[in-house]
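Here's the structure we're looking at; comments come further down.
Number of protein chains: 4
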Amino acid sequence: MRPYFPGIPDEKFKRGQIPMTKQEIRLMVLAKAQIGPKDIIIDIGAGTGSLSVEAALQATGGQVFAIEREQEGIDLIAANAVQFGVGNLSVIHGSAPAALSGLPPVDVILVGGSGGYLTEIIQYADPLLKTGGRMVITAVTVETLHKALTIVDSMPEYQCEASGLQVTRVRRVAAHHMFQALNPVYIISCSKGAQHDR
Amino acid sequence: MRPYFPGIPDEKFKRGQIPMTKQEIRLMVLAKAQIGPKDIIIDIGAGTGSLSVEAALQATGGQVFAIEREQEGIDLIAANAVQFGVGNLSVIHGSAPAALSGLPPVDVILVGGSGGYLTEIIQYADPLLKTGGRMVITAVTVETLHKALTIVDSMPEYQCEASGLQVTRVRRVAAHHMFQALNPVYIISCSKGAQHDR
Amino acid sequence: MRPYFPGIPDEKFKRGQIPMTKQEIRLMVLAKAQIGPKDIIIDIGAGTGSLSVEAALQATGGQVFAIEREQEGIDLIAANAVQFGVGNLSVIHGSAPAALSGLPPVDVILVGGSGGYLTEIIQYADPLLKTGGRMVITAVTVETLHKALTIVDSMPEYQCEASGLQVTRVRRVAAHHMFQALNPVYIISCSKGAQHDR
Amino acid sequence: MRPYFPGIPDEKFKRGQIPMTKQEIRLMVLAKAQIGPKDIIIDIGAGTGSLSVEAALQATGGQVFAIEREQEGIDLIAANAVQFGVGNLSVIHGSAPAALSGLPPVDVILVGGSGGYLTEIIQYADPLLKTGGRMVITAVTVETLHKALTIVDSMPEYQCEASGLQVTRVRRVAAHHMFQALNPVYIISCSKGAQHDR
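Shown next, in the form of structure tokens:
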């Protein structure tokens, strides 16, 4: 069996009706998260679990906690964990920040969906994040982008950067290659404490 | 009744299953085409006729020839002409370059669809375009973009420029505004002869 | 002399060190502004005056008030008005909203620069805008985009839409055509009152 | 010392006047290249060596051959190899395809610069690429994008996909966050033979 490489093609995941983080975005989030082999990771708003699964495949000696509030998402995450033979992924059915209670200190926090509670989520999540840890927030709305930037700017312990990613797939259609845009996603990535070098 | 302004909203056109040039792209194409009130215009690959209709509304004392090979397109162009009270739009059912035969000298040539015959179309269309006239080509594939640039570069009489337009609609969804990408379109716009200043 | 068409090439304007609204963005702003021949227009944060000049060329029987706080901008606006033979453009040296005082009712308000006072500017500008008038705000920062959307959403009299424009110029370099991105600009365009149809 | 993670920040590299593959693009190219710890890699048109260095840091038990025709590039690649303590990177001063002669079979071929010889380069490089190997081509011009797609489509042994990446950096300027576009880059990534799963 060939080894795992980041950036599993989208169509390999079970997806249902839930929006999925596309491959290129996943790659960028994973790269910004700098996941080590023993890292503990929380994925908030895990959706289909595509990001949780890839995080789990990178932290083979660590653990991923995937938080998701929709039952359909919970089922997909579990199914995708089986699909990729991932044993270090715990699914938590609930909403952040409440669902964060009881979790151990972690190395990485991924925030893919905040249900409008981004401020509260970061407030609760921050004490869980170890010094040197990384927080990576994805935003697909103006409000989330704006709020994420405002919050992280107010936290002097965090060094952050942000960029938007507009992917254009070039799809072969007969003898032509069409430009097909994916929706842009903004990625706000932070490291906690001066020790960590992004 | 209020006057016409360029950039009729997409939803005002009858569309069917035919891909339509989106408002922002139409605006840019119309701007590059610099349509005067008495201009004669050919729209090749007219599709739903959205561009033809706007061209006709600008050239109120001129004439638009909309060439389209699909029957569904022909019907939509006619319906949209009625919808916007346009009387100076002639629909030509056929494929360019053949469908160009018999047309008079023109001020503007719009090429929205070329069916793979861009070289031939430009070759036949060039003698129809008056000195000072404008040719505006839209490209949604790598091949059309490449071919259009190659052809216009080889025509010393034409001064051309090209740019791609990636529009992101910002749509309100509940209390948020989502980024939603439209597919990018490249616009190659040329003027014929040194007299014309783009 | 050939007539005016919207979208004057960037290099025709005197520019100095002041950032200029690029041609493609100007075209889109002008299209959303739907300027009629007798319209009265306020351009807030007029910069080099490129937008003011084009607005004045469209409202030949109307008037443009260009508000700008930097002396360099004031000089450039005046120079560009001369350059394009524009007589219906009044330059106001000052900052909005204060500089708005004493202005008559207007058909169009363009907000290109707000110096951090977007809320106040819109508050003061709103009573000046006639029913059926258009307000077009351009945003190049997350904060302006977010604030503009928040404000216009809170004004039930206004019907608004927003989109981002990412232009990629395709520049010939030797035998190749390079993709060169311009910075994205968001355009929030509103009409006041149900009578006006965007 | 903290471990290596893909996506070294741009400013950590010595750059000179040579254009450098930006971090986000590097990340995507590296992800598509799926570099294993013992892989042999050729980087054609290595420029500053940023990609070569990251490839070498991933193939710690393998080898990277960086081909570059400009002396300034050669010096920068060597300096960057020292900077990141990379010992498995061989610099080859010359132009592909000629500079490819004598190289062993490889797992990965990266084509960042082709000097107009993309067809010849791929023709010579193909026999060097092992079955299951990956070829990743970056294109910043219409011509390279078009040629790369045309060539790889004609090679039935290769399974390829292509996408464009438009990165918008969100830079803090005083109290605002400005959108700043990087030039778009297209990435054409292929695997050779059916065994390999991208």
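Chains as they are written, first to last, in our numbering: chain V, 1 to 198; chain A, 1001 to 1198; chain B, 2001 to 2198; chain R, 3001 to 3198.
In this text, a Cβ means the ideal position worked out from N, Cα and C, and glycines have one as well.
Do residue j and residue i have their beta-carbon atoms positioned less than 7 Å apart in this structure?
i                 : j                 : result
Gly1007 (chain A) : Gln1023 (chain A) : yes
Ser3052 (chain R) : Leu3089 (chain R) : yes
Asp2010 (chain B) : Leu2110 (chain B) : no
Lys130 (chain V)  : Tyr158 (chain V)  : no
Ile1074 (chain A) : His1093 (chain A) : yes
Phe202 (chain V)  : Asn80 (chain V)   : The structure shown does not extend to residue 202 (chain V), since chain V is modelled only from 1 through 198, so no value can be given for it.
Val167 (chain V)  : Leu182 (chain V)  : yes
Gln58 (chain V)   : Ile35 (chain V)   : yes
Ala3078 (chain R) : Val3091 (chain R) : yes
Arg134 (chain V)  : Val106 (chain V)  : no
Ile2067 (chain B) : Ala2099 (chain B) : yes
Leu1145 (chain A) : Tyr1117 (chain A) : no
Met3020 (chain R) : Leu3165 (chain R) : no
On the DSSP letters alone, give me the boundaries of the beta strand (DSSP E) that residue i sits inside.
i                 : result
Gln1180 (chain A) : 1176 to 1181
Met3028 (chain R) : Segment 3023 to 3033 is the alpha helix (DSSP H) holding Met3028 (chain R); no beta strand (DSSP E) there.
Leu1129 (chain A) : 1129 to 1139
Val2173 (chain B) : 2158 to 2173
Ala2066 (chain B) : 2063 to 2068
In terms of residues, what are the limits of the alpha helix (DSSP H) holding residue i?
i                 : result
Lys12 (chain V)   : Where Lys12 (chain V) is concerned, there is no enclosing alpha helix (DSSP H), given that its DSSP letter is neither H nor E.
Ser52 (chain V)   : 50 to 58
Ala3125 (chain R) : 3118 to 3125
Lys1192 (chain A) : Where Lys1192 (chain A) is concerned, there is no enclosing alpha helix (DSSP H), although the beta strand (DSSP E) it sits in stretches over 1185 to 1192.
Leu1149 (chain A) : 1142 to 1153
Any beta carbon from chain R within less than 7 Å of residue i's own beta carbon?
i                 : result
Ala162 (chain V)  : yes
His2176 (chain B) : yes
Pro2019 (chain B) : no
Val185 (chain V)  : no
Ala125 (chain V)  : no
Any C-beta of chain V sitting closer than 7 Å to the C-beta of residue i?
i                 : result
His1146 (chain A) : no
Phe1179 (chain A) : yes
Asp2197 (chain B) : Because the pLDDT of Asp2197 (chain B) is 45, which lies under 50, any placement of that residue in the model is unreliable, and the number read from its coordinates should be weighed accordingly. No - not a single Cβ of chain V is within 7 Å of the one on Asp2197 (chain B).
Who are the neighbours of residue i on chain B, taking C-beta pairs under 7 Å?
i                 : result
Gln1034 (chain A) : Phe2005
Met1028 (chain A) : Glu2024, Leu2027
Val3170 (chain R) : Val2142
Strictly below 8 Å CB to CB, what residues from chain R border residue i?
i                 : result
Gln1166 (chain A) : Gln3166
Buried or exposed: which applies to residue i, given that a residue is buried once 16 or more other Cβ atoms fall within 10 Å of its Cβ?
i                 : result
Gly3054 (chain R) : It should be pointed out that residue 3054 (chain R) corresponds to Glu in this sequence rather than to Gly. By the neighbour-count rule (16 or more Cβ atoms within 10 Å), Glu3054 (chain R) is buried.
Phe3005 (chain R) : buried
Pro2184 (chain B) : buried
Asp197 (chain V)  : At Asp197 (chain V) the pLDDT is 45, less than 50, meaning the model places this residue with poor confidence and gives no usable figure here.
Lys1032 (chain A) : buried
Ile3153 (chain R) : The residue you asked about is not Ile; residue 3153 (chain R) is Asp in the sequence shown. Flag for Asp3153 (chain R) reads exposed.
Thr3141 (chain R) : buried
Ala1175 (chain A) : exposed
Ser1163 (chain A) : buried
Thr3060 (chain R) : exposed
Ser3101 (chain R) : exposed
Gly2971 (chain R) : Past the edges of chain R, shown from 3001 to 3198, lies residue 2971 (chain R), and the structure says nothing about it.
Gly45 (chain V)   : buried
Lys38 (chain V)   : exposed
Examine chain A for any beta-carbon lying closer than 7 Å to the beta-carbon of residue i, and answer yes or no.
i                 : result
Ala2059 (chain B) : no
Ala2199 (chain B) : Nothing can be reported for residue 2199 (chain B): it is not among the residues displayed for chain B, which extend from 2001 to 2198.
Does the beta carbon of residue i come closer than 7 Å to any beta carbon on chain B?
i                : result
Leu142 (chain V) : Looking at the sequence itself, residue 142 (chain V) is Val, so the reference to Leu does not match. Judged by the 7 Å Cβ criterion, Val142 (chain V) is in contact with chain B.
Glu11 (chain V)  : no
Using a C-beta to C-beta distance shorter than 9 Å, which residues of chain B count as neighbours of residue i?
i                 : result
Leu234 (chain V)  : Beyond the ends of chain V as shown, which are 1 and 198, falls residue 234 (chain V); an answer cannot be given.
Glu1054 (chain A) : Those do not exist, as Glu1054 (chain A) stays about 11 Å from chain B at its closest Cβ, beyond 9 Å.
Leu3182 (chain R) : Ala2181
For a test of your reading of the model: does the CB of residue i fall under 6 Å from any non-hydrogen atom of the ligand ADP? Yes or no.
i                 : result
Pro3006 (chain R) : The ligand ADP is not part of the structure shown, which contains no ligands of any sort.
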